[in-house]
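If you're matching positions, the sequence shown starts at 4 in the working numbering and goes up one per residue.
Even for Gly, the Cβ is constructed at its ideal location relative to N, Cα and C.
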Amino acid sequence: MLEEKIFAEGVAREIKSCLAPEFSDVECTVVEQRKNNNVVLTGVCFHRQGQRADPIVYVEPFYDEVKNGRPKEKP
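Spelled out as structure tokens, the structure:
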């Protein structure tokens, strides 16, 4: 779990640095969400002031691919 959180923090920083100037006010934060099956998932939450919904991208599938040797640059 700690490894996924560290990975997510790096992802959040990279995404924030790649956002277009009109999205400079978007906050990218790491969150841990307990889902209904009692599994805790780590994700990057995108918050923009005045928006009603904050999308979360869960990092576990991406972390698993990088951990298994797939370069993160490849889609």
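Helix, strand or coil: how does DSSP classify residue i here?
i     : result
GLY46 : strand
ALA23 : coil
GLY72 : coil
Run through the DSSP bridge pairs and tell me what residue i is partnered with.
i     : result
ILE18 : Per DSSP, none; premise fails for ILE18.
GLN36 : LEU44
VAL60 : VAL47
GLU30 : HIS50
Nearest to residue i by alpha carbon, out of the options?
i     : options                       : result
ARG16 : PRO24, THR32, ARG73 and VAL69 : THR32
GLY53 : MET4, GLU30, LYS8 and GLU6    : GLU30
LYS8  : GLY72, ARG73, ASP67 and ASN71 : ASP67
MET83 : ASP57, GLU35 and ARG55        : The chain is shown only over 4 to 78; residue 83 falls outside these bounds and no answer can be derived.
Which whole-angstrom value is the C-beta distance of residue i and residue j, which I expect to be below 8 Å?
i     : j     : result
GLY46 : VAL69 : Going by Cβ atoms, the distance from GLY46 to VAL69 rounds to 16 Å, so no, they are not a contact pair.
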